[in-house]
Amino acid sequence: MTETEKKQDFTDRIWDFFCSLKLTIILLLLLAVTSIIGTIIPQNSSAAEYIRLYGQSNYELFTRLQFTEMYSSTWFVALLALFCVNLICCSIKHFPRTWKFFKEPAHIATPGLLKNSSNKLEISTEESPEVVVDRVKDTLDKHFTKTVRSDANGKIYLFAQKGIYSRLGSYMTHLSIIVILVGAIIGNVFGFRAYVTIPEGGSVTHVITRDGSRNIDLGFEVRCDNFDVKFYPNTRRPMEYASDLVVLREGVEVYEKRIVVNDPLFFDGIIFYQSSYGPAGDAIITFNVTDNQNGEIREFSAPLNNRVQLPDGFSAIVTDYTDDDRNFGPAMRLHVINPEGVRQNPIVVWQNFPEFDVRRGDKFSFAMLGFKQPYFTGLQVAKDPGVNIVWAGCILLIIGPFIAFFMSHKRIWACIEQDGNATKVQLAGNAHRNQPGFALAFDDLMQKVELAIKNQSPTKEG
Numbered sequence: 004m005t006e007t008e009k010k011q012d013f014t015d016r017i018w019d020f021f022c023s024l025k026l027t028i029i030l031l032l033l034l035a036v037t038s039i040i041g042t043i044i045p046q047n048s049s050a051a052e053y054i055r056l057y058g059q060s061n062y063e064l065f066t067r068l069q070f071t072e073m074y075s076s077t078w079f080v081a082l083l084a085l086f087c088v089n090l091i092c093c094s095i096k097h098f099p100r101t102w103k104f105f106k107e108p109a110h111i112a113t114p115g116l117l118k119n120s121s122n123k124l125e126i127s128t129e130e131s132p133e134v135v136v137d138r139v140k141d142t143l144d145k146h147f148t149k150t151v152r153s154d155a156n157g158k159i160y161l162f163a164q165k166g167i168y169s170r171l172g173s174y175m176t177h178l179s180i181i182v183i184l185v186g187a188i189i190g191n192v193f194g195f196r197a198y199v200t201i202p203e204g205g206s207v208t209h210v211i212t213r214d215g216s217r218n219i220d221l222g223f224e225v226r227c228d229n230f231d232v233k234f235y236p237n238t239r240r241p242m243e244y245a246s247d248l249v250v251l252r253e254g255v256e257v258y259e260k261r262i263v264v265n266d267p268l269f270f271d272g273i274i275f276y277q278s279s280y281g282p283a284g285d286a287i288i289t290f291n292v293t294d295n296q297n298g299e300i301r302e303f304s305a306p307l308n309n310r311v312q313l314p315d316g317f318s319a320i321v322t323d324y325t326d327d328d329r330n331f332g333p334a335m336r337l338h339v340i341n342p343e344g345v346r347q348n349p350i351v352v353w354q355n356f357p358e359f360d361v362r363r364g365d366k367f368s369f370a371m372l373g374f375k376q377p378y379f380t381g382l383q384v385a386k387d388p389g390v391n392i393v394w395a396g397c398i399l400l401i402i403g404p405f406i407a408f409f410m411s412h413k414r415i416w417a418c419i420e421q422d423g424n425a426t427k428v429q430l431a432g433n434a435h436r437n438q439p440g441f442a443l444a445f446d447d448l449m450q451k452v453e454l455a456i457k458n459q460s461p462t463k464e465g
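The opening position of the sequence shown corresponds to residue 4 in the working numbering, with each subsequent residue numbered one higher.
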């Protein structure tokens, strides 16, 4: 074997490797297994979270194997890239044969095709060949694209087809998978997923990825003007919560939106999802204190468990709050501390019934005015520049298999020749998919062709 032949043989082996169906199956299995790993192991969490779940040694192993950020890992992207190359090579290998159906359609039927086809018809008529040609052509034109006529060897050939683009269905499916994978790679490499907390009235210009590896400049400012949370009755379990967000560029408000779960804010290719919330500092209780001896009323605002000074050496401390106490509505629990420092029995004050506390007849009576718990809003922040590419691929993935599985390339050939004093007509047809369905359609079409040749109109069955 010459040096040139050796190089050619090596090149052919490489090409066959990338076109191999075995490679496709192996890659699909590897991608499936690694995707299971990526589903089991949380992605892009903090180091502390991984250590808590799996321990220090396993965390270090996962980090080395890139299991904690698997979908953007070098080896996973390499698998996707190799799968793309495999699909491209398979398509390139088989496309020339498919392209021949477009570039060099078989207009003239061979004798073997007309004789051996499973879908065929042969009839004789006393009509002239030209008359027969016109009638057959008119019938085929009603069911197929424009019929092509060819004259050769003293015979007249007709060819009609439809659904030729169905042969591209598999290639469109390959293309859709490649487009989806490319979009996913772009999203993983150039996008990010992060988490940020913003207290009411606060703002951020940067976010940090969940693993803490990147501090990302948003390019604009996001402010939380207000956070609202509603609880189920008699519980602190949230029923609904929402954030009023404002986007600012160079200090100028350019966009605002109230976001709730599953209704995020989109701005400049970045999505802000309502994810969580939490208390941002101590809750503030506002209440009035009336000195029942002189009628003096004072208003206080204080966090829970903070002592407030009352007249004559007394003080008070609010120790608890509830949204609904025994169906009487919001209430607070407090203690009065006398000048000697002795804490008296707890007092429950209902916001909706301030007169209740007056009836105690003590030196001081209390009226609850309100409760304010400042919150922070927890936002998931994501940027995926490949998402539109992925959606385009998904659309192709719907169209491609539909074309490939539910449409077929149907072809009809006809050979018309003078046979003594009669005209001989031979027809044959095939489809590259759904042969039983085509056989039924072919029989129906041949009945119409026979009637057309005999110059008869088809009768409608009632």
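Beta carbons: idealized from backbone N, C-alpha and C, even for Gly.
All of these numbers come straight from a predicted model, not from anything done at the bench.
Euclidean distance between Cα positions of residue i and residue j
i	j	result
Tyr57	Thr212	21 Å
Glu125	Leu430	6 Å
Ile189	Ile320	57 Å
Leu178	Ile401	12 Å
Leu24	Ala35	17 Å
Asp447	Asp154	27 Å
Asp137	Asp19	49 Å
Val352	Arg310	17 Å
Pro236	Glu358	24 Å
Ala81	Gly172	27 Å
Glu464	Gln438	The pLDDT assigned to Glu464 is 44, lower than 50, so where the model puts this residue is not dependable; a value taken from the coordinates is nonetheless given after this. Their Cα atoms are separated by approximately 26 Å.
Pro99	Cys22	14 Å
His97	Phe104	12 Å
Asp266	Phe408	37 Å
Lys260	Val250	9 Å
Thr142	Lys451	7 Å
His435	Ile262	53 Å
Trp394	Met335	53 Å
Phe317	Asn348	14 Å
Leu83	Ile91	12 Å
Residue range of the unbroken beta strand (DSSP E) whose run includes residue i
i	result
Tyr324	Ser318 to Thr325
Leu248	Pro241 to Arg252
Leu430	Ala425 to Ala434
Pro306	Ile300 to Pro306
Ile288	Ile287 to Asp294
Thr128	Lys123 to Thr128
Ala109	It is not in any beta strand (DSSP E) - Ala109 carries neither H nor E in the DSSP assignment.
Phe162	Lys158 to Lys165
Arg310	Arg310 to Gln312
Contact belief for residue i with residue j at Cβ below 8 Å, rounded distance in angstroms
i	j	result
Leu248	Phe275	7 Å
Pro132	Ile159	6 Å
Phe290	Ala370	6 Å
Ser246	Thr380	4 Å
Tyr53	Thr71	6 Å
Residues bridged to residue i (per DSSP)
i	result
Lys233	Glu243
Met410	Bridge partners of Met410: none, in fact.
Pro282	Tyr378
Phe13	Partner(s): none; Phe13 has no beta bridge.
Tyr258	Val250
Phe195	Lys386
Val351	Arg336
Val210	Ile219
DSSP-derived helix/strand/coil call for residue i
i	result
Gly465	Residue placement at Gly465 cannot be trusted, given a pLDDT of 37 that sits under 50; the coordinates are not used to answer.
Ala81	helix
Met335	strand
Phe445	helix
Ile228	The identity of residue 228 in the sequence shown is Asp, whereas the question assumes Ile. Reduced to three states, the DSSP call for Asp228 is strand.
Lys375	strand
Ser216	coil
Glu343	coil
Glu453	helix
Ile183	helix
Ser23	coil
Pro267	coil
Thr148	coil
Pro202	strand
Gln277	strand
Lys366	coil
Gly41	helix
Asp466	Residue 466 falls outside the range modelled here, since the chain spans only 4 to 465, and no answer is possible.
Gly272	coil
Ser94	helix
Gln46	coil
Endpoints, alpha helix (DSSP H) assigned at residue i
i	result
Asp144	Pro132 to Asp144
Phe359	Glu358 to Val361
Glu52	Ala50 to Tyr57
Lys118	Pro114 to Asn119
Residue i at chain B interface by Cβ criterion, 8 Å
i	result
Phe105	No chain B appears in the structure shown, which is made up of a single protein chain.
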